[in-house]
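Undergrad:
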Amino acid sequence: CKVSSEIKHQAQETRDKPSKIIQENIINTPEAIRSYLPSTNACRRKIQRVRHAGLPPQPQNIAKFDNEIDLYSPRIITDFEVAAINASRFMFPGVINKACFFHLGQNGWKKIQKCGLA
Numbered sequence: 129c130k131v132s133s134e135i136k137h138q139a140q141e142t143r144d145k146p147s148k149i150i151q152e153n154i155i156n157t158p159e160a161i162r163s164y165l166p167s168t169n170a171c172r173r174k175i176q177r178v179r180h181a182g183l184p185p186q187p188q189n190i191a192k193f194d195n196e197i198d199l200y201s202p203r204i205i206t207d208f209e210v211a212a213i214n215a216s217r218f219m220f221p222g223v224i225n226k227a228c229f230f231h232l233g234q235n236g237w238k239k240i241q242k243c244g245l246a
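Take the position in the sequence shown, starting the count at 1, then add 128; the result is the number in the numbering used here.
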């Protein structure tokens with residue numbers, strides 16, 4: 129069908145919204161042929177498939193995602209929160225855990241204010 133091929137062509141060549149592509153093509157179609165055209169949702173899915181055809185497939189899990197980035201770090205910097213420190217030690221054994229002095233000072237100052245000492 130000429131309308132379907134024109135929708136595919138516009139989907140490949142333009143970045144227009146699917147609703148605009150569909151509307152432009154349906155307006156130019158004779159009334160007698162409109163009942164034979166695919167539904168609006170089918171046209172939207174067709175546009176989406178055409179636009180995603182050139183993209184690489186989505187990885188289904190992180191193990192299949194090969195980006196060659198080394199995410200290993202010899203140390204982790206956390207707040208002075210016991211839960212964060214314990215979690216980082218559990219998940220990344222052998223990594224040095226450093227704590228952020230700024231957050232220690234900030235939390236200490238809040239505690240001093242809360243106790244009415246400042």
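C-beta atoms are modelled at their ideal positions from N, C-alpha and C, and glycine is treated no differently.
Measuring alpha carbon to alpha carbon, tell me which residue in N225, A181, K148 and R173 is nearest P202.
TA: N225
Undergrad: If you check the beta carbons only, do A227 and I213 fall under 9 angstroms apart?
TA: yes
Undergrad: Can you confirm whether the segment 160-177 touches the segment 204-212 when touching is taken to mean that 3 or more C-beta pairs between the two stretches lie within less than 8 angstroms?
TA: no
Undergrad: Just the C-alpha distance for F80 and C243, rounded to the nearest angstrom, thanks.
TA: Here the chain comprises residues numbered 129 to 246, so residue 80 is not present and cannot be evaluated.
Undergrad: Which partner residues does I204 have in the DSSP bridge list?
TA: N225
Undergrad: According to DSSP, is P146 helix, strand or coil?
TA: Correct three-state label for P146: helix.
Undergrad: Assuming F220 contacts I204 under a Cβ cut-off of 8 angstroms, what Cβ separation, rounded to an integer in Å, is found between them?
TA: 6 angstroms
Undergrad: Would you report the Cα separation of P187 and A160, rounded to the nearest angstrom?
TA: Between the C-alpha atoms of P187 and A160 there is a straight-line separation of about 45 angstroms.
Undergrad: Restricting to Cα atoms, I'd like to know which of P184, W237 and H180 is closest to E141.
TA: H180
Undergrad: Assign I220 to one of three DSSP states: helix, strand, or coil.
TA: Here residue 220 turns out to be Phe, not Ile, going by the sequence shown. Residue state, collapsed to three classes: coil.
Undergrad: Select from S167, H231 and W237 the residue whose C-alpha is nearest the C-alpha of P146.
TA: Looking at S167, H231 and W237, the one whose alpha-carbon comes closest to that of P146 is S167.
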